[in-house]
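Heads up: the sequence shown is residues 222 to 476, going by my numbering. Have a look at the structure below, then the notes.
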Amino acid sequence: MIRAAALGMTADDLSVGVLSLAGVRPAAIRGAVEVLLVECSPPELDFFARQLEAHLPVRVEKMLLAELTAVTRRPKQAGRWRAAVTSFCHLPQVERLLKGKGVPVIALLAEAHLETLHRLAQFPSGTRVGVASTTVETAHNLEHSIANANLPNIALVGVCPAEGAALGRLVRRADVIVCSTAAAERVRGLAGSIVQVMIDDRALDQRAIEMLATLLVQQNGDRPTAAPAPRRLRSRRSGRHESRQGATRATALGK
């Protein structure tokens, strides 16, 4: 907590971070809220949507980048989104299209699993590694994540989609192929027993989840809370009134 304070983190920042790392949904986000997810391919939309909905109480509206321009031209269309999320490569374009709409945009980062990086670190020096996935964009994202680990014993030799002749050429150049589950069958069919195949479906960086959760928590404080429902006192008063009338009648009859 002392270190968090020194870093300038607020109480909300700290609580959201701890909850995210523990896999617990932040209770401070009141109810499920709607978040816009923008990507350039259906596989990326499905991947990020699953990750977000698994970590946060949000409803994700998936939208292809090519559709966003037309949608944002509709009046009041953006009003229902509490935030928009997209990968870093699309961030400038999404921010430009949503400018002035009152929708904050947060960049997402998907990375290779630590287990994958640990296994790659065990290979001998000079090991050639290729990356394949169902889309070129996904393959490039996975390659960048591996490259950022700066493993000194491997050399990245290229990326390609899991279809077409390019995959065969990549397999012939590599000692190891890292690929997604969706591409694994095709890759294994070409790799045979010579090239080792490693499966990695990436994981959403926890810092992106924390940033989105913190934003939504802060928005809770900015939005007016509903007024408490008025109590129904009429029935109680009428009940007391009737009892008093009954007592009056009883007194009169007694006399």
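Glycine included, each C-beta is placed from N, C-alpha and C at the ideal position. Small disclaimer: the values here were computed from a predicted structure and weren't measured.
Asked, Found
"For I327 and L433, the rounded distance between their alpha carbons", "7 Å"
"Beta strand (DSSP E) segment containing G379, residue limits", "375-382"
"Three-state secondary structure assigned by DSSP to V292", "helix"
"G321 and V352 closer than 9 Å at C-beta", "no"
"Cβ-based burial, F309 [other Cβ within 10 Å; buried from 16]", "exposed"
"Through-space distance from A291 to V416, alpha-carbon basis", "46 Å"
"Sequence-distant residues of its chain with Cβ nearer than 8 Å to T337 (five each side left out)", "I367, V399, M419, D421"
"Cβ neighbour criterion (16 or more within 10 Å) applied to N362", "buried"
"Under 9 Å between C-beta atoms of L266 and L285", "yes"
"Limits of the unbroken alpha helix (DSSP H) element including T337", "335-342"
"Opposing strand residues paired with I398 [DSSP bridges]", "G351, V418"
"Environment of Q272 [buried if 16+ CB atoms lie within 10 Å]", "buried"
"Check whether C381 and L388 have beta carbons under 9 Å apart", "yes"
"Simplified DSSP assignment, three categories, for T359", "helix"
"Same chain only: Cβ atoms within 8 Å of R428, ignoring 5 sequence neighbours per side", "L330"
"Opening and closing residue of the alpha helix (DSSP H) in which L273 lies", "263-276"
"Rounded distance between the beta-carbons of V350 and L377, thought under 8 Å", "5 Å"
"Short Cβ contact (9 Å threshold) for E332 with N374", "no"
"Distance cut-off 8 Å: D426 Cβ against heavy atoms of the ligand NAD", "Among the ligands in the structure shown, none appear at all, so the ligand NAD cannot be discussed."
"Distance, T356 Cα to R295 Cα", "30 Å"
"Beta-bridge partners of A253, as assigned by DSSP", "Its beta-bridge partners do not exist; DSSP assigns none."
"Close beta carbons around H276, own chain, < 6 Å, minus the five adjacent residues each side", "I430"
"Distance between S354 and S401 (C-alpha atoms, nearest Å)", "5 Å"
"Supposed close pair L411, V392 - CB separation, criterion 8 Å", "5 Å"
"Per-residue DSSP class, three states only, for L372", "coil"
"Cβ neighbour criterion (16 or more within 10 Å) applied to L335", "exposed"
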